[in-house]
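K.L.:
Chains R and L, in that order, give the protein sequences. Using the working numbering, the letters of the first sequence correspond one by one to residues 1 to 314. Using the working numbering, the letters of the second sequence correspond one by one to residues 1001 to 1314. Backbone N, C-alpha and C fix where the C-beta goes; we use that ideal spot for every residue, glycine too. Below is the structure I would like to discuss, written out as structure tokens.
2 protein chains.
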Amino acid sequence: MSLLVVGSVAYDSVQTPAGSRDVSLGGSATYFSIAASYFSPVSLVAVIGDDFMPEHVELLESHAVDVSGLERREGKTFRWSGVYSTEDLNERETLDTQLNVFAEFKPVLTDQQRATEYLFLANIDPQLQLEVLGQMSPRPKLVALDSMNFWIEGARSHLEDIVGAVDLVFMDEGEARAFAGEENLAQAASRIHSVGPRIVVIKRGEHGVLVSNGGSLFALPAFILDRVVDPTGAGDSFAGGFMGMLAATGDLTDGGIRRAAVLGSVIGSFTVQDFSADRLAALSHDEITDRFAAFERLTGFAGLETGGGLPQRE
Amino acid sequence: MSLLVVGSVAYDSVQTPAGSRDVSLGGSATYFSIAASYFSPVSLVAVIGDDFMPEHVELLESHAVDVSGLERREGKTFRWSGVYSTEDLNERETLDTQLNVFAEFKPVLTDQQRATEYLFLANIDPQLQLEVLGQMSPRPKLVALDSMNFWIEGARSHLEDIVGAVDLVFMDEGEARAFAGEENLAQAASRIHSVGPRIVVIKRGEHGVLVSNGGSLFALPAFILDRVVDPTGAGDSFAGGFMGMLAATGDLTDGGIRRAAVLGSVIGSFTVQDFSADRLAALSHDEITDRFAAFERLTGFAGLETGGGLPQRE
């Protein structure tokens, strides 16, 4: 089964406590595509400027990403620059956003793209997300979206429309609280369910992820790393690994969703170990398998009960 | 095997987003004792004033807590008051601290207390913690301590002495970072190990707990609750459940430590569902067992791999 992602391809400049990197490959659809490519074929729909370097198209192609939907326009590629807090890598400040050719992004899907079974609407204008979903035919087996505070504050009504039309939403902790108007995460997830999606995935950065799949809650801590170099793209890589797993297995049972969340976390944990997609793009299947096993060791406690149940004071 | 706790018994006044409670039973040793009592016999060493209510002694006795070390002095019981942030229940501000009789606390252990196999030094002056440890004979099988920012900033050298003398430390995330002088939690845990303790337990509030047992890391999310009424005592209840399990089972293997961390989290999750120790003190063994099972459902993903390993794009 195949997977379509519609989102941004960008050049980022970031400063983190570990250093800085200028004009390096970024964008939600970039991270998503490479992450998903480890499990499933991916088609990418995005727009780039005439400054986009051939080596970056080749990088995507080397992961068998279908780049026929990567539209090249006159002008510059989307650019973002930001700086991460030294105290809390979950916090970042945007220094500059230049939409450039992305401002004119109006994807028109091919017949083959319209028929893709798994669709990921990366963080773009909710109106555009709605328009893309409207082009799909037949409706995909699973539609997921990502969003951000910018749209929650500025395009609430369109955002509610698209959230109401998808099966799965990815939001970070702050976004879920803001969208739901509720501080308690379990209750925030319930309110988001009530808008439509049957799967709500709340990304908590270095604190892991909370998945609400209907009534079933799954909490997973983040993988523990000795060193985080650059958090940029962690959430998109997580979503890519997650959706790549679902598209590869077609397993939408609760167990399948949980496994997708673990694999998403595995992939995201590699992304943050270097700038840009440097580490993400260089993964081997063995490295992914080994880190999945390490995740099991990090979090496992099942089977530790004594045969007679828990001890009780006599 | 039995468990000795030396710490504070207090009256707290708290304001939380869910309401407020004046002059209710609190104190680190109180929460710890009641939590541990579900698994193991506990002896409590603390000081109270002549205002301490008989019903609160009876509450401890009803949990079979040995209160022979609860010294009553002329004056008032230790009082604390604080207010929790409506945005982030991990954040609280102390409004007032009155040490009262606690200022003169100089515990002298009985021979029986000195011989206890499991010792918990709750958050008190590190010099006092050292003095209590010096009274133990023979050295306990396991000595644990809790601390707080106040001592990290104000009594660093004594704190390092006692941290260097124990087997296990409980610290919250901010304390571990401050004590270690290191933002990365895995590296902070390594530095704390290098001071002495072979087990480092980092409490992350609503984000769970990270246990470093020598080289083995265990990350556990917090139990997800629809509603948190009052976070006061969560950390002490966690430590009580944790140490109560260790004292009950004597199991200091990595599996035993992990199980203790889960049971500590189970007990702490009950504490925050009501003010003071109201919920904590009213637990049944079935409720504890059920929530342990719920924790397994919340966090479990083991055994979800397909027989042939993870899928791989063809």
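Could you check the C-alpha separation between R/A294 and L/T1097 for me, to the nearest Å?
P.N.:
44 angstroms
K.L.:
When you compare only the Cα positions, how much space is there between L/P1041 and R/D172?
P.N.:
Their backbone Cα atoms lie some 43 angstroms apart in a straight line.
K.L.:
Could you work out which residues of chain L lie near R/H207, taking near to mean beta carbons separated by less than 7 angstroms?
P.N.:
H1207
K.L.:
Could you check whether R/A180 and R/R191 sit closer than 9 angstroms to each other, using their CB atoms as the reference points?
P.N.:
yes
K.L.:
Using a Cβ cut-off of 9 angstroms, pull out every chain R residue sitting near L/H1158, in sequence order please.
P.N.:
Correct list: empty, because the minimum Cβ distance to chain R is about 27 angstroms.
K.L.:
Are the beta-carbon atoms belonging to R/V201 and R/V163 less than 9 angstroms from one another?
P.N.:
No. Outside cutoff.
K.L.:
Going by other Cβ atoms of all chains shown within 10 Å of its Cβ, with 16 needed for buried, is L/V1045 buried or exposed?
P.N.:
That one is buried.
K.L.:
Just curious, the beta strand (DSSP E) that R/S237 is in, first and last residue?
P.N.:
R/S237 -> not in any beta strand (DSSP E); alpha helix (DSSP H) instead, spanning 234 to 249.
K.L.:
Do you know how far the Cα of R/Q15 is from the Cα of L/M1148?
P.N.:
32 angstroms
K.L.:
Between the alpha carbons of R/D278 and R/T271, how many angstroms are there, rounded?
P.N.:
Spanning the two alpha carbons is a distance of roughly 8 angstroms.
K.L.:
Should R/V5 be flagged as near chain L, meaning a C-beta pair shorter than 9 angstroms?
P.N.:
It does not; no Cβ of chain L falls within 9 angstroms.
K.L.:
Give the residues from the stretch 158 to 192 of chain R that approach chain L closer than 8 angstroms (Cβ to any Cβ), ordered along the chain.
P.N.:
E183, N184, L185, A186, Q187
K.L.:
Please state whether DSSP places R/Q15 in a helix, a strand or coil.
P.N.:
strand
K.L.:
Going along chain L in order, which residues have a C-beta closer than 8 angstroms to the C-beta of R/Q112?
P.N.:
Residues of chain L passing the Cβ test: none, with the nearest at roughly 18 angstroms.
K.L.:
Would R/L84 pass as an interface residue toward chain L - the criterion being a Cβ-Cβ separation below 9 angstroms?
P.N.:
The identity of residue 84 of chain R in the sequence shown is Tyr, whereas the question assumes Leu. Closer than 9 angstroms: no.
K.L.:
Assuming contact is defined by CB atoms lying nearer than 9 angstroms, are R/I315 and L/L1119 in contact in what I supplied?
P.N.:
The first residue shown for chain R is 1 and the last is 314, placing residue 315 of chain R beyond what the model contains.
K.L.:
L/I1224 and R/L210 - do their beta-carbons sit closer together than 9 angstroms?
P.N.:
yes
K.L.:
Looking at the structure shown, is L/V1005 part of a helix, part of a strand, or coil, going by DSSP?
P.N.:
strand
K.L.:
Find out if the Cβ-Cβ distance for the pair L/G1082, L/S1013 is shorter than 9 angstroms.
P.N.:
L/G1082 places its beta carbon less than 9 angstroms from that of L/S1013.
K.L.:
Give a yes or no on whether the minimum CB-CB distance between R/T306 and chain L is below 9 angstroms.
P.N.:
The predicted position of R/T306 is uncertain, since its pLDDT is 49 and thus under 50; no value can be drawn from it.
K.L.:
Quick one: grab the DSSP three-state call for L/F1170.
P.N.:
strand
K.L.:
So that I know if they touch, is there some Cβ in chain L lying closer than 9 angstroms to that of R/T289?
P.N.:
For R/T289, the answer is yes, since a Cβ of chain L falls inside 9 angstroms of its Cβ.
K.L.:
Distance check for L/D1290 and L/F1052, CA to CA, integer angstroms please.
P.N.:
34 angstroms
K.L.:
Using a Cβ cut-off of 9 angstroms (strictly closer), state whether R/I224 contacts chain L.
P.N.:
yes
K.L.:
How would you list, in chain order, the residues of chain R whose beta-carbon sits under 8 angstroms from the beta-carbon of L/Y1038?
P.N.:
Within 8 angstroms Cβ-Cβ: Q312, R313.
K.L.:
Tell me which same chain residues have a C-beta within less than 8 angstroms of the C-beta of R/S137, skipping the five on either side of it?
P.N.:
R114, A115
K.L.:
Using a 10 Å radius around the Cβ and a threshold of 16 neighbouring Cβ atoms, would you call L/T1299 buried or exposed?
P.N.:
buried
K.L.:
What does the alpha-carbon distance come out to for the pair L/R1092 and L/G1205?
P.N.:
12 angstroms
K.L.:
Runs of 3 residues minimum, wholly inside the stretch 39 to 67 of chain R: which ones carry the beta strand (DSSP E) assignment?
P.N.:
Taking only runs of at least 3 residues, the beta strand (DSSP E) segments lying wholly in the stretch 39 to 67 of chain R are 42 to 48.
K.L.:
Mind pulling the chain L residues with CB within less than 9 angstroms of R/H56?
P.N.:
Simply none; closest approach about 20 angstroms.
K.L.:
Regarding L/N1184 and the ligand PLP, is the C-beta to nearest heavy atom distance less than 8 angstroms?
P.N.:
Annotation note on the ligand PLP: not contained in the displayed structure, which lists no ligands.
K.L.:
Give me whichever residues DSSP pairs with R/E93 in a beta bridge.
P.N.:
According to DSSP, residue pairing for R/E93 in a beta bridge involves R/V83.
K.L.:
Taking Cβ-Cβ distances below 8 angstroms as the criterion, which residues of the stretch 1014 to 1047 of chain L are in contact with chain R?
P.N.:
P1017, S1037, Y1038, F1039, S1040, P1041
K.L.:
Expressed to the nearest angstrom, what Euclidean distance is found between the alpha-carbon atoms of L/D1246 and R/A222?
P.N.:
Note that residue 1246 of chain L corresponds to Leu in the displayed sequence, not to Asp. Roughly 27 angstroms between the two C-alpha positions.
K.L.:
Could you list which residues in chain R have their beta carbon closer than 7 angstroms to that of L/T1116, in chain order?
P.N.:
Going along chain R, no residue has its Cβ under 7 angstroms from L/T1116, so there is no contact; the nearest lies around 15 angstroms.
K.L.:
Taking only beta-carbon positions, decide if L/G1069 is within less than 9 angstroms of chain R.
P.N.:
no
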